[in-house]
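Working notes, structure below.
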Amino acid sequence: MIHVFNGCLEICALPAKACATCGECCGEACSGCTERLDQPLALYVVVGMLASLAELICCVMAFQDPLSHCELPEGFPHQVGACGWVKVQMGCAFLNFMFPLYVQHQLMRAIAHRQQSGAMSQKDVKESFQEVFLEDFGVCLYVFAWVASLVWSVLGVSWLHHTGCDPSGWGRGAAFLGIAFFWGLLFYSMAWYCYTTCVSATPVQWAMRVHSEVKGSSPLRGAGQGHPMAPAAAAAALPRSGCAKALTAGQLLKLAACLGLDLMGDSTYFVPGAGEAADLAYAPIQSIALIMLFQSRSMAGLGFLEEILPFTDFIPTATLAWFIDTFAAETCFGRALGFGDRSRGTSESSDSD
Numbered sequence: 374m375i376h377v378f379n380g381c382l383e384i385c386a387l388p389a390k391a392c393a394t395c396g397e398c399c400g401e402a403c404s405g406c407t408e409r410l411d412q413p414l415a416l417y418v419v420v421g422m423l424a425s426l427a428e429l430i431c432c433v434m435a436f437q438d439p440l441s442h443c444e445l446p447e448g449f450p451h452q453v454g455a456c457g458w459v460k461v462q463m464g465c466a467f468l469n470f471m472f473p474l475y476v477q478h479q480l481m482r483a484i485a486h487r488q489q490s491g492a493m494s495q496k497d498v499k500e501s502f503q504e505v506f507l508e509d510f511g512v513c514l515y516v517f518a519w520v521a522s523l524v525w526s527v528l529g530v531s532w533l534h535h536t537g538c539d540p541s542g543w544g545r546g547a548a549f550l551g552i553a554f555f556w557g558l559l560f561y562s563m564a565w566y567c568y569t570t571c572v573s574a575t576p577v578q579w580a581m582r583v584h585s586e587v588k589g590s591s592p593l594r595g596a597g598q599g600h601p602m603a604p605a606a607a608a609a610a611l612p613r614s615g616c617a618k619a620l621t622a623g624q625l626l627k628l629a630a631c632l633g634l635d636l637m638g639d640s641t642y643f644v645p646g647a648g649e650a651a652d653l654a655y656a657p658i659q660s661i662a663l664i665m666l667f668q669s670r671s672m673a674g675l676g677f678l679e680e681i682l683p684f685t686d687f688i689p690t691a692t693l694a695w696f697i698d699t700f701a702a703e704t705c706f707g708r709a710l711g712f713g714d715r716s717r718g719t720s721e722s723s724d725s726d
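Per the numbering used here, residue 374 is the first one in the sequence shown, and the count goes up by one each step.
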């Protein structure tokens with residue numbers, strides 16, 4: 374009988390265990406959000422991602438409008454079409470949604486590589502900012518896409534005022550949000566430059582928090598709270614490939630982003646009115662997004678070619694890149710595409726420091 378009672382006890386304890394597990398998951402999620410907010414560029418990450426999310430919602434709602442009666446002027450606007458413009462605008466919004474997390478991650482890596490022991494000075498923080506914004510290849514490409522997104526949004530405001538092209542106003546709402554994002558980021562960049570110039574001669578309160586995170590769990594999150602771990606050791610402790618890596622939160626977020634990229638790239642086939650001209654405009658967006666996700670120029674080039682070549686949009690380039698990065702990064706094929714070289718270069722730079 375005791376085994377029967379023990380079995381009943383375990384069954385009755387299942388809801389409590391489920392609640393405890395949910396509490397742990399919520400705690401980890403909240404700690405991750407808190408960690409992001411304690412890092413530099415936190416305001417840009419929060420506001421930029423919310424604005425881009427609102428723009429994505431506007432683009433999705435614009436796809437629901439009947440655009441069969443939309444007639445844009447002859448030439449390039451007619452070749453792109455209203456649906457094509459919404460597709461590219463959605464790609465720009467998706468790129469703007471990804472970039473805040475990307476640039477913050479690159480900044481924390483630059484700080485970690487520059488300063489791994491001793492007190493962190495204001496000069497180290499400012500030089501890390503400058504290194505990321507002026508030398509990172511993904512940031513350099515994003516600057517051109519950022520300016521192009523403004524031009525595309527302005528074109529959308531001009532094109533969509535025609536009769537039947539934006540009956541509900543969602544398309545123009547997305548265009549105005551794209552314009553607001555551009556000027557907001559420009560003013561934020563100017564404020565950041567003035568701020569870093571001022572703090573170069575005064576103490577920075579968050580510098581010590583950044584330094585403790587670099588010595589501890591952030592940005593690699595492998596050591597736990599309050600337990601320092603060298604970047605090279607933390608990189609070795611992380612799952613390099615296989616199912617263990619695939620089930621991490623970072624890789625799952627990458628998979629969601631890759632599925633979104635491929636879905637937008639395939640919209641030519643299932644969205645009426647989205648022609649090949651929209652694919653030409655979307656190709657550089659997908660290429661830059663692949664660089665941000667995997668830092669592989671070869672994969673970015675393949676993604677660009679897949680969009681501009683005819684009858685190749687059905688190839689899920691971004692999702693294939695995720696599988697290579699997850700399961701075959703250290704193989705000869707993965708290293709040839711730049712995946713293994715990226716991970717090995719990171720550990721070697723950490724060892725040299």
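Virtual Cβ for every residue (Gly too), placed ideally from N, Cα, C.
The structure presented is a predicted model; accordingly, all values stated were derived computationally and were not measured.
Practice item. Grab me the residues of Leu523's own chain with a C-beta within less than 8 angstroms of its C-beta, minus the 5 sequence neighbours each way, in chain order. Key: Here the question's residue 523 lines up with position 150 in the sequence shown. If we look at Leu523 and ignore the five residues flanking it on each side, its Cβ neighbours are Gly551, Ile552 and Phe555.
Point to revise | Contact under 7 angstroms by Cβ, Tyr561 with Tyr417 | key: Translated into the one-based positions of the sequence shown, residue 561 becomes position 188. Translated into the one-based positions of the sequence shown, residue 417 becomes position 44. Against a cut-off of 7 angstroms, the Cβ pair of Tyr417 and Tyr561 comes out as a contact.
Point to revise | For Tyr566, the nearest candidate out of Gly615, Gly454 and Leu507 (CA to CA) | key: Your numbering for residue 566 matches position 193 in the sequence shown. Here the closest residue by C-alpha is Leu507.
Review point. Comparing the CB of Val520 with every heavy atom of the ligand COA, is any distance shorter than 6 angstroms?
Key: Among the components of this structure there are no ligands whatsoever, and the ligand COA is therefore not found.
Practice item. Return helix, strand or coil for Leu558, following the three-state DSSP convention. Key: By 1-based counting over the sequence shown, the position of residue 558 is 185. The answer is helix: DSSP assigns Leu558 an H, G or I state.
Practice item. Put Ser526 into one of helix, strand or coil per three-state DSSP. Key: On the sequence shown, position 153 is the one that residue 526 refers to. Note: Ser526 maps to helix in three-state DSSP.
Practice item. Go ahead and label Cys616 buried or exposed: buried means 16 or more other beta carbons lie within 10 angstroms of its beta carbon, across all protein chains shown. Key: Here residue 616 refers to the residue found at position 243 when the sequence shown is read from its first residue. Label assigned to Cys616: exposed.
Exercise for review: Could you tell me if Met563 is buried or exposed, where buried requires 16 or more neighbouring beta carbons within 10 angstroms of its beta carbon?
Suggested key: Within the sequence shown, numbered from 1, the residue matching residue 563 stands at position 190. The residue is exposed, with fewer than 16 neighbouring Cβ atoms inside 10 Å.
Check your understanding: Taking the alpha-carbon positions, what's the Ile484 to His478 distance?
Key -> Taking the first residue of the sequence shown as position 1, residue 484 is located at position 111. Taking the first residue of the sequence shown as position 1, residue 478 is located at position 105. Ile484 and His478: Cα-Cα distance of roughly 10 angstroms.
Exercise for review: Leaving out five residues on either side along the sequence, give the residues of the same chain with a beta carbon under 7 angstroms from the beta carbon of Ala619.
Suggested key: For the purposes of this step, residue 619 is identified with residue 246 of the sequence shown, where counting begins at 1. For Ala619, where only same-chain residues beyond five positions count, the Cβ hits under 7 angstroms are Thr699.
Check your understanding: Out of curiosity, what's the CA-to-CA distance linking Gln668 and Phe712?
Key -> On the sequence shown, position 295 is the one that residue 668 refers to. On the sequence shown, position 339 is the one that residue 712 refers to. The alpha-carbon atoms of Gln668 and Phe712 are separated by roughly 8 angstroms.
Practice item. Go through its chain and collect everything with a Cβ distance to Ser501's Cβ below 7 angstroms, but skip five positions before and after it. Key: As a position in the sequence shown, residue 501 is number 128, starting the count at 1. Correct list, in chain order: Leu480, Ala483, Ile484 and Arg487.
Point to revise | Proximity winner among Val453, Thr621 and Lys627, relative to Asp652 (alpha-carbon distances) | key: Your numbering for residue 652 matches position 279 in the sequence shown. Answer by Cα proximity: Val453.
Review point. Are there three or more Cβ pairs, one per stretch, closer than 8 angstroms when the segment 443-451 is compared with the segment 462-472?
Key: no
Review point. So Met463 packs on Leu426, CB below 8 angstroms; how close in whole Å?
Key: The residue you call residue 463 lines up with position 90 of the sequence shown. The residue you call residue 426 lines up with position 53 of the sequence shown. Actually they are not in contact, since the Cβ atoms of Met463 and Leu426 sit about 12 angstroms apart, beyond 8 angstroms.
**Study point:** Close beta carbons around Ala424, own chain, < 8 angstroms, minus the five adjacent residues each side
**Key:** The count along the sequence shown starts at 1 and reaches residue 424 at position 51. Result list for Ala424: Asn469, Leu550, Ala553, Phe554 and Gly557, in chain order.
Review point. Could you give the C-beta distance for Gly676 and Ser660, rounded to a whole number, given that I count them as a contact under 8 angstroms?
Key: As a working mapping, residue 676 is identified with position 303 in the sequence shown. As a working mapping, residue 660 is identified with position 287 in the sequence shown. Contact flag correct, Cβ pair sits at about 5 angstroms.
Check your understanding: Considering only residues of the same chain and omitting the five flanking positions on each side of Val505, which have a CB-CB separation below 8 angstroms?
Key -> For the purposes of this step, residue 505 is taken as residue 132 along the sequence shown, with counting starting at 1. Closer than 8 angstroms at the Cβ level, and outside the excluded window around Val505, lie Val476, Gln479, Leu480, Ala483 and Val512.
Point to revise | Proximal residues to Val530 (C-beta, below 8 angstroms), its chain only, five neighbours per side dropped | key: Mapped onto the sequence shown, residue 530 falls at position 157. So the list reads Arg545, Ala548, Phe549 and Ile552, once near-sequence residues are dropped.
Review point. Nearest-angstrom Cα distance between Val520 and Leu474?
Key: Translated into the one-based positions of the sequence shown, residue 520 becomes position 147. Translated into the one-based positions of the sequence shown, residue 474 becomes position 101. The alpha-carbon atoms of Val520 and Leu474 are separated by roughly 19 angstroms.
Check your understanding: In angstroms, rounded to a whole number, what distance separates the CA positions of Ile697 and Phe706?
Key -> Walking along the sequence shown from the start, residue 697 turns up at place 324. Walking along the sequence shown from the start, residue 706 turns up at place 333. Cα-Cα distance, rounded: 9 angstroms.
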